[in-house]
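Okay, so here's the structure we're looking at.
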Amino acid sequence: MKIVILLGAPGSGKGTVAGKLASEHASMKHVSSGDLLRGAIAKGTAAGLEAKGYMEKGNLVPDALIATMIKDVVAETEGDVTMLLDGFPRNLAQAKILEEMGAPVTGAVLIDVPDSIIQDRIAGRRTCPKCKAGYHVRNLPPKVEGVCDNCGEALVIRKDDNPETVKDRLVVYHQQTEPLISYYSGKGMLKKVDGTTGVDNVVKAFLEAM
Ligand code: AMP
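Per the numbering used here, the sequence shown runs over residues 180 to 389.
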């Protein structure tokens, strides 16, 4: 197994790129920390109950809570798999936890999108609550409005995608997650792709970078 970390602001397209790559390559596995947390909330687990309040405010959940979930997924992943790790690590402490786990991280790829574009992207974002596929009302619409192409479920707007919470999530990103760019760059592990060139081009550039 090897792990490639996806870096980028909320709405930069990490989930879209990783989801598309995983659906096209049997050897790739998309692991989204946000989806793990939303899954725990939906199941009503103790971790989910603890995470809910932080997420609804756009704050990060405690490091130990999400690190335990990631550790479990890493432990259960075997064989010739490339894990596309989306949303973890989210700060320097989590990057160190990942290293202490002995996780085989081979690189990090930043999907670069300016804040001015992020707000509009998240405002138009629609998500499938069942299979987790992501859409955008203009840039990546489903075939039938409001319905998931993959599984036919009704699409929803994520609770934390409202404009006020998005502002808070961007502040958290710049303060806590952005330092990871120089962290991985300093280790010679960072590649950067332009996240504004359309889904297919970003996926292609990402694949080349990793
Ligand atoms: P995402 O789906 O990656 O945008 O994550 C949604 C929310 O889940 C974030 O705004 C955080 O509240 C929480 N979250 C996801 N990943 C992490 C993480 N690695 N550390 C702390 N909180 C996280």
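By construction, the Cβ of each residue, glycine as well, lies at the ideal position given by its N, Cα and C atoms.
| Item | Value |
| --- | --- |
| Below 8 Å on the Cβ atoms is my contact criterion, and I expect Val210 with Asp265 to pass it. Report the Cβ-Cβ distance as a whole number of Å. | 7 Å |
| What does a CB cutoff of less than 7 Å around Leu369 pick up in its chain, not counting 5 residues either side in sequence? | Ala287, Leu289, Ile360, Tyr363 |
| Would Lys181 and Thr285 qualify as a contact pair, given that the criterion is a beta-carbon distance under 8 Å? | yes |
| Got a sec? Which residues, its chain only, sit under 6 Å from Cys330 by beta carbon, not counting five neighbours each side? | Lys309, Cys310 |
| The alpha helix (DSSP H) spanning Gly192 covers which residue range? | Counting along the chain, Gly192 falls outside any alpha helix (DSSP H), and DSSP gives it neither H nor E. |
| Rounded to the nearest angstrom, what separates Asp340 and Met248 at their Cα positions? | 23 Å |
| When you compare only the Cα positions, how much space is there between Glu235 and Ala219? | 14 Å |
| Taking Cβ positions, are Arg348 and Gly237 nearer each other than 8 Å? | yes |
| Helix, strand or coil for Ser211 per DSSP? | strand |
| Using 7 Å as the cut-off, classify the Cβ of Gly266 as near or not near the heavy atoms of the ligand AMP, replying yes or no. | yes |
| What would DSSP say about Leu200, mapped onto helix, strand or coil? | helix |
| Please state if the CB of Ala226 and the CB of Leu239 are separated by a distance shorter than 8 Å. | no |
| Along the chain, where does the alpha helix (DSSP H) that runs through Ala274 open and close? | 271 to 279 |
| Among Glu279, Arg317, Ile296, whose alpha-carbon lies nearest the alpha-carbon of Pro342? | Ile296 |
| Which word fits Val350, buried or exposed, when buried means at least 16 other C-beta atoms lie within 10 angstroms of its C-beta? | exposed |
| Do Leu271 and Pro189 have their beta-carbon atoms positioned less than 8 Å apart in this structure? | no |
| State the CB to CB distance for the pair Val381 and Gly192, rounded to an integer number of angstroms; the pair is presumed to be in contact (CB under 8 Å). | 6 Å |
| Measuring only from the beta carbon, is Asp294 closer than 7 Å to any heavy atom that is part of the ligand AMP? | no |
| If I measure Cβ to Cβ from Thr356 and keep anything under 6 Å in the same chain, skipping five residues before and after, which residues do I get? | Arg269 |
| Once DSSP output is grouped into helix, strand and coil, what is the label at Asp340? | helix |
| Would Met207 pass as a contact of Leu277 if the rule is Cβ separation under 8 Å? | no |
| Let me know the secondary structure DSSP gives Ala312 once reduced to three states. | coil |
| Quick test of your reading: Ser212 and Phe267, contact by CB under 8 Å. State the CB separation rounded to the nearest angstrom. | 4 Å |
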